[in-house]
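Start counting the sequence shown at 520; every next residue gets the next number (the working numbering).
Ideal placement from N, C-alpha and C gives every residue a C-beta, glycine not left out.
Note that this is a predicted model, so its numbers are computed, not measured.
Each remark here refers to the structure printed beneath this line.
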Amino acid sequence: MRRMTVIWLIVAACLVIIGSIVLGVVMMFLKWDFTKLSTVEYETNTYEITEDFNDIFIDTNTAEIEFILSENENCKVVCYEETKAKHSVSVENNVLSINVVQTKKWYDYIGIFNGTPKITLYLSKKAYNILSIKDDTGSISVPKDFKFESIEISTSTGYVQNYASSSGKIKIKTSTGSINIRDITAVSLDLLVSTGKISVASVSCAEDISMKVGTGRTELSDVKCKNLTSKGDTGKIFLDDVIASDKIYVERSTGDVSFNRCDAAEIFVETDTGDINGSFLSNKVFITETDTGSINVPATTDGGKCEISTDTGDIKITIEE
520 MRRMTVIWLI VAACLVIIGS IVLGVVMMFL KWDFTKLSTV EYETNTYEIT EDFNDIFIDT
580 NTAEIEFILS ENENCKVVCY EETKAKHSVS VENNVLSINV VQTKKWYDYI GIFNGTPKIT
640 LYLSKKAYNI LSIKDDTGSI SVPKDFKFES IEISTSTGYV QNYASSSGKI KIKTSTGSIN
700 IRDITAVSLD LLVSTGKISV ASVSCAEDIS MKVGTGRTEL SDVKCKNLTS KGDTGKIFLD
760 DVIASDKIYV ERSTGDVSFN RCDAAEIFVE TDTGDINGSF LSNKVFITET DTGSINVPAT
820 TDGGKCEIST DTGDIKITIE E
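Pasting the structure below:
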């Protein structure tokens, strides 16, 4: 090894050691509280709401959002936020609006961010009309205490947990994140995830459920609807006790499809690469096809149509007694 190379390696190692020692000394003075290294200032602002409203519109960027039923019947919004990215909170025309107001310059985006902005809504009523949320990066949690006429949530990167029912449609979209729906009723359900997981449990819809996943796992348990459509590129789907009065349609490019005690008047399943297996609750007229795999289905000649096809994979279906 050349002499200059050795010298530079020794210098680099010394700089790393010196930097580690300096960091250790600084953190000792800060009692190892890394939040004190943050270059961004945060503050908590509380907005008391005295006006009546039935609709809620939220437009933010990096804040977590949480809904809490107020214990004293007073309504307020508490924002833990950056000093240069505060939120405006107002009520106008029966609408509660919460919007982020950016006053950042380009250099404000460079630094150490150790805080997590959060919006907490303390609501005095259990029933509202419209809930509309737009969030870039942040988790969203709507508990079962509330009910809306419609729910629409859109986020780029964030975990969405919705336990609130709707007398109308629920539509949730996230690019990179997960969606968790549980213990609700709705007219219809529309879920879209680019990269992430969809979990739906104990859900009843009067009309259709539509789900689309780019890459990720889909799980459904104790679900009832009119039509169920699930499309995905890469990812497994598990259906447990899923009942559709009309049709179940599942399409995957890469991934297994598993049924457990599911049923519909008609069932259609199509995959490029993946096994299809499980159990149905009633007889079906099976139409099956696989290029490189085995087929094992009941030889029933009555019941609704069931078309199953896969390019590479096995097909194994049973009928529950």
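Asked	Found
Trp625 to Lys605 span [Cα, whole Å]	Per-residue confidence for Trp625 stands at a pLDDT of 40, beneath the threshold of 50, marking its modelled position as unreliable; no derived number is given.
Where Thr569 falls, given that 16 or more other Cβ within 10 Å makes a residue buried	exposed
Short Cβ contact (7 Å threshold) for Ser684 with Ile700	no
Touch test, the stretch 651-661 against the stretch 594-601, Cβ-Cβ under 8 Å, three pairs minimum	no
First through last residue of the beta strand (DSSP E) which encompasses Ser772	Ile756 to Thr773
Short Cβ contact (7 Å threshold) for Gly751 with Val732	yes
Of the residues Asp810, Ala725 and Gly735, the one placed nearest Asn746, counting alpha carbons only	Ala725
Nearest neighbour of Ala646, chosen from Ser658, Ala720, Gly657 and Lys666 [CA to CA]	Lys666
Inter-stretch contact at 8 Å, needing at least 3 Cβ pairs: the stretch 761-780 / the stretch 796-812	yes
Own chain residues within Cβ distance below 8 Å of Asn613, not counting five before or after	Asp571, Phe572, Asn573 and Asp574
Check whether Thr773 and Thr748 have beta carbons under 7 Å apart	no
Whole-Å CB distance - Val761 paired with Val788, under 8 Å assumed	With 8 Å as the limit, Val761 and Val788 do not qualify as a contact, their Cβ atoms being about 13 Å apart.
Selected residue, minimal CA-CA separation from Ala783, among Gly812, Leu758 and Leu708	Leu758
Exposure label - Cys533; buried when at least 16 CB within 10 Å	exposed
Start and end residues, beta strand (DSSP E) containing Asp655	Ala646 to Thr656
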